[in-house]
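Participant: According to this note's numbering, the sequence shown is numbered sequentially starting from 58.
We put the beta carbon where it would ideally sit given N, CA and C, even for glycine.
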Amino acid sequence: LVVLIPLSRALQEMYCDSLVRNWVHISSEEEQELAQEIQSQFSGYQNEAAGVVDGIIRSEKLLTMLSDGECRSDSLFDILLSLPRQDLSIELYSAQKELVGWSGTRGPTIDLNLLKETKASFVIAGPIYSHLIVVAPIDHNNRRLGYVVGKRLFEVNYPINNRFINKSAFTL
């Protein structure tokens, strides 16, 4: 026992010295692991939203209605409401970039110049809510029929604690 106490103290000092000497390397590894974990979780969150939007732009009912040119609003809303949304608000724009239907809460207004030829995603930051936005063109038979915009709550920056905040945001 007399030998173990000094030995234990010496090992503790060596361990502490090792931590101090190697702290830059240790903290760098921890930062890299944390960054990779956050990137992985974000990619999953983004891929879920993109998957829902992909399902919508491939919806046979929606493609048929838009191809026929008969965009009756009641039928359009019925189709949008019947599609799985997974915490997404969906907006449907015509090929002329006019809003023709939506489901869910509207969220932030997007710049219509963001409706492009290819699918894209980005984050729109607001003073309280930030949203992940996924935009995709609807093409069928080499013809542009419109655009789908999916909006998913990304972050809540509430200045006060509020138990009514939606817990489905990425950062919550």
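Could you say which of Val157, Pro194, Thr162 lies nearest to Glu174 if we only look at CA atoms?
Facilitator: Walking along the sequence shown from the start, residue 174 turns up at place 117. Comparing Cα-Cα distances from Glu174 to each of Val157, Pro194, Thr162, the minimum goes to Pro194.
Participant: Taking one C-beta from the stretch 192-212 and one from the stretch 162-172 each time, how about it: are there three or more such pairs within less than 8 angstroms?
Facilitator: Taking 8 angstroms as the limit for Cβ pairs, the verdict is that the stretch 162-172 does touch the stretch 192-212.
Participant: How should Glu148 be labelled, buried or exposed, when 16 other C-beta atoms within 10 angstroms of its C-beta is the threshold for buried?
Facilitator: In the sequence shown, residue 148 corresponds to position 91, counting from 1. It is buried - the Cβ of Glu148 has at least 16 other Cβ atoms within 10 Å.
Participant: Kindly confirm or deny that the stretch 152-160 and the stretch 119-137 touch, where touching means at least three C-beta pairs closer than 8 angstroms.
Facilitator: They touch, by the three-pair rule.
Participant: Would you call the CB atoms of Lys154 and Leu140 closer than 7 angstroms?
Facilitator: Taking the first residue of the sequence shown as position 1, residue 154 is located at position 97. Taking the first residue of the sequence shown as position 1, residue 140 is located at position 83. No. Outside cutoff.
Participant: Would you mind sorting Ser186 into buried or exposed? The rule is 16 or more other CB atoms within 10 Å of its CB.
Facilitator: Locating residue 186 in the sequence shown gives position 129, counting from the first residue. Here the sequence assigns Tyr to residue 186, which means Ser is not the residue at that position. Tyr186 is buried by the Cβ-count criterion.
Participant: Using C-beta distances below 8 angstroms, list every residue in its chain close to Ala106, excluding the 5 sequence neighbours before and after it, in chain order.
Facilitator: For this step, residue 106 is matched to residue 49 along the sequence shown. Counting only Cβ-Cβ distances below 8 angstroms, and skipping sequence neighbours, we find Gln143, Leu145, Ser178, Leu189, Val191, Gly207, Arg209.
Participant: Under three-state DSSP, which class holds Lys208?
Facilitator: Residue 208 sits at position 151 when you count from the first residue of the sequence shown. DSSP places Lys208 in strand when its eight states are reduced to three.
Participant: Reducing DSSP to helix, strand and coil, say where Leu172 ends up.
Facilitator: Position 115 of the sequence shown, counting from 1, holds the residue named residue 172. Looking at Leu172 - three-state DSSP - the assignment turns out to be coil, as it is neither helix nor strand.
Participant: Are the beta-carbon atoms belonging to Arg201 and Ala152 less than 7 angstroms from one another?
Facilitator: Taking the first residue of the sequence shown as 1, we reach residue 201 at position 144. Taking the first residue of the sequence shown as 1, we reach residue 152 at position 95. Yes, Cβ-Cβ distance for Arg201 and Ala152 is below 7 angstroms.
Participant: Check whether the Cβ atoms of His197 and Leu120 lie closer than 7 angstroms to each other.
Facilitator: On the sequence shown, residue 197 is found 140 positions in, with the first residue counted as 1. On the sequence shown, residue 120 is found 63 positions in, with the first residue counted as 1. Yes; because the gap between Cβ atoms is below 7 angstroms, this pair is in contact.
Participant: Please classify Leu169 as buried or exposed, where buried requires at least 16 neighbouring CB atoms within 10 angstroms.
Facilitator: The sequence position of residue 169 within the sequence shown is 112, counting from 1. Per the 10 Å Cβ criterion, exposed.
Participant: Mapping the DSSP letters down to three states, classify Ile190 as helix, strand or coil.
Facilitator: In the sequence shown, the residue the question calls residue 190 occupies position 133. Three-state DSSP puts Ile190 in a strand.
Participant: Suppose you measure from the CA of Ile83 to the CA of Ile136; what does that come to, to the nearest Å?
Facilitator: On the sequence shown, residue 83 is found 26 positions in, with the first residue counted as 1. On the sequence shown, residue 136 is found 79 positions in, with the first residue counted as 1. Between Ile83 and Ile136, the C-alpha separation is close to 53 angstroms.
Participant: Taking the beta carbon of Asp113 as the centre, do at least 16 other beta carbons fall within 10 Å, making it buried, or is it exposed?
Facilitator: Taking the first residue of the sequence shown as 1, we reach residue 113 at position 56. The sequence shown places Ile at residue 113, rather than the Asp named in the question. With 16 or more Cβ atoms within 10 Å of its Cβ, Ile113 is classed as buried.
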